[in-house]
Amino acid sequence: MSDFLNQINRRKFILTAGASAGAIFLKGCLGNPPDSTGGNSQAIPTAQQVANLTPEQKPETETVKLGYIPIVESAPLIIAKEKGLFAKYGMTKVELAKQASWGAARDNVEIGSAGGGIDGGQWQMPMPHLITAGLITKGNKEIPMYVLAQLVTHGNGIAIADKHKGKGLGLKLDGAKSLFKELKSSTPFTAAFTFPHVNQDLWIRYWLAASGLDPDADVKLLTVPAAQTVANMKTGTMDAFSTGDPWPFRIVNDKIGFMALLTAEMWKNHPEEYLAMRGDWVDKHPKATKAILKAVMEAQQWLDNFENRKEAATILAGRKYFDLSSPEILLDPYQGKYDMGDGRKIDDKLMAPYYWKDEKGSVSYPYKSHDLWFITENVRWGFLPKDYLANNAAKAKELINKVNREDIWKEAAKDLGIAAADIPTSTSRGVEEFFDGVKFDPEKPEEYLKSLKIKKAGV
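Anchor point for the sequence shown: position 178 equals 170 in the working numbering, and the numbering is continuous, going up by one each time.
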């Protein structure tokens, strides 16, 4: 057993609400439904005390509307709501609004809650940066967004239609190249993701390119909302899909397909989805922003105690949130257990989703070096111009510095009483290594890009 797993098994977290609030011990911390949930949660535990907020801590508003997609990445928002953690820090009127798709989330944050939309919430990366730069908004309007925390690592995979079982489609595709070539001459292999230019699109592209396949020439790519995954696999509309739990389990359990890989196998402890909000909301409500962050941080620690994951699965699976037939759908993935559907089984807690901490350190802290990788991949595939990486990535770093508010995360962590050892001292997590041996050095993004054999012409 790794040192990290030993820590999970024995660690208890003492969480504080600042010096005036005192320490609160949370049990073992590490380690088509209504569209929204508003007002006070009915699930607030009676043992959970509301923090004794000083005037300096009391939020400017008690109200905020946060969007989420019903996949495991949203769990910290939901647990913070259901465990009364938002209310604990004075945010008594947090509304969680289920989004039909990532496109809908983008549209809703454009108009903000005042216009019937949302103030922020859960995002794939680098959506907040692309919205800030006006690259995916209506009329290319620039809407400043602030990234406040990473919500999770892992919890995603690439599913393959059952008809391709036994054809060599796995983490590596060396034995399947003839299949792609054969399909290309008739009906191309079709791979889908939930939104272009972000996490799930980039996972598919990296996976294909690592095996010498050009995602823009050798396959057909399309966007499909996560909730339509099962239906599209059944009808044969797509051959592969990049998605988050609980959909991989559903695909295997319903015998529609199998899992070629987990993203945890592709990039161990990789960044996944993030909490980000409209910049104007944060600027107007700095204390409320920190209150939200503190609640989310507590929820992340609670989620990382594996003893709490059965309860978490029950909460998430409910009709109000994921609307699953049974919490069992989430239980195995939450323990790092995956039946891949092709005879391969994974039973490794290190492959499970983590919300607060992983083998490499903080999950919750939003490293700027990860933002840079997502932007570099956007340049790789021609979604962003090459000048973003010129002059030591000056333009990319300028955008990242506008969007990534790791400084607010640190302030909230200190207010919460997080140990100094758990607060990163650098905005870079250092060199990252992928399953194919390729390394990304955030100090040299252009060298990384040059080293990649498959990329957009001219990059």
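The beta carbon of each residue, even a glycine, is placed where N, CA and C say it ideally should be.
Annotated three-state conformation of Leu163 is coil, per DSSP. Partner residues in a beta bridge of Thr186, as assigned by DSSP, do not exist. Under the three-state reduction of DSSP output, Asp428 falls in the coil class, being neither helix nor strand. Taking the Cα positions, Pro263 is about 20 angstroms away from Ala184. At a Cβ-Cβ threshold of 8 angstroms, Leu140 and Arg336 do not count as neighbours.
The shortest CA-to-CA distance from Ala125 to any of Ile61, Met137 and Gln116 is the one to Met137. Contact annotation, Leu163 with Leu58: C-beta distance approximately 34 angstroms; criterion of less than 8 angstroms not satisfied. For Glu351, no beta strand (DSSP E) encloses it, and the DSSP letter there is neither H nor E.
Taking a C-beta distance under 8 angstroms as the contact criterion, Gly236 and Ile63 qualify as a contact pair. For Lys276, the closest alpha carbon among the candidates Asp111, Ile61 and Gly76 is that of Asp111. Shown here for Ser93: same chain residues with a beta carbon closer than 6 angstroms to its own, the five before and five after excluded, namely Pro217 in chain order. According to the DSSP assignment, Ala268 belongs to the beta strand (DSSP E) that extends over Tyr266 to Arg270. Asp339 is positioned such that its CB atom lies no closer than 8 angstroms to that of Gly353. DSSP places Gly335 in no alpha helix (DSSP H); its state is neither H nor E. For Met137, the enclosing beta strand (DSSP E) starts and ends at Met137 to Gln142. In this chain, Trp115 is not harboured by any alpha helix (DSSP H); it is covered by the beta strand (DSSP E) spanning Gly112 to Trp115. Taking C-beta atoms as the reference points, Lys302 and Leu285 fail to come closer than 8 angstroms. Annotation for Phe298: no beta strand (DSSP E) segment contains it, and DSSP assigns it neither H nor E.
A straight line joining the alpha-carbon of Glu403 with that of Trp195 spans about 32 angstroms. Beta-bridge partners of Ile152 (DSSP): Ala232 and Phe250. Per DSSP, the beta bridge partners of Gly59 are Ala89 and Gly113. For Arg372, the number of other beta carbons within 10 angstroms of its own is at least 16, and it is reported as buried. Counting along the chain, no beta strand (DSSP E) covers Thr46, and no H or E run does either.
DSSP, read as helix, strand or coil, puts Asn396 in strand. The alpha-carbon separation between Ser105 and Arg98 amounts to approximately 13 angstroms.
Rounded to whole angstroms, the separation of the alpha carbons of Asn384 and Glu438 is 8 angstroms.
By the CB criterion at 8 angstroms, Leu88 and Lys73 fall inside the cutoff.
In the DSSP assignment, Leu322 falls outside any beta strand (DSSP E) and lies within the alpha helix (DSSP H) extending over Glu320 to Tyr326.
DSSP places Thr281 within a helical segment (H, G or I) once states are collapsed to three.
The region 360 to 369 makes contact with the region 116 to 134, as at least three CB pairs between them are under 8 angstroms. Between Glu299 and Tyr380, the alpha-carbon positions lie close to 44 angstroms from each other. With respect to the 8 angstroms criterion, Ala405 and Met289 are classified as neighbours on the basis of their beta carbons.
Under the three-state reduction of DSSP, Leu441 is assigned to helix. In the DSSP assignment, Leu213 falls within the beta strand (DSSP E) that extends over Lys212 to Thr215.
According to the DSSP assignment, Asp193 belongs to the alpha helix (DSSP H) that extends over Asn191 to Ala202.
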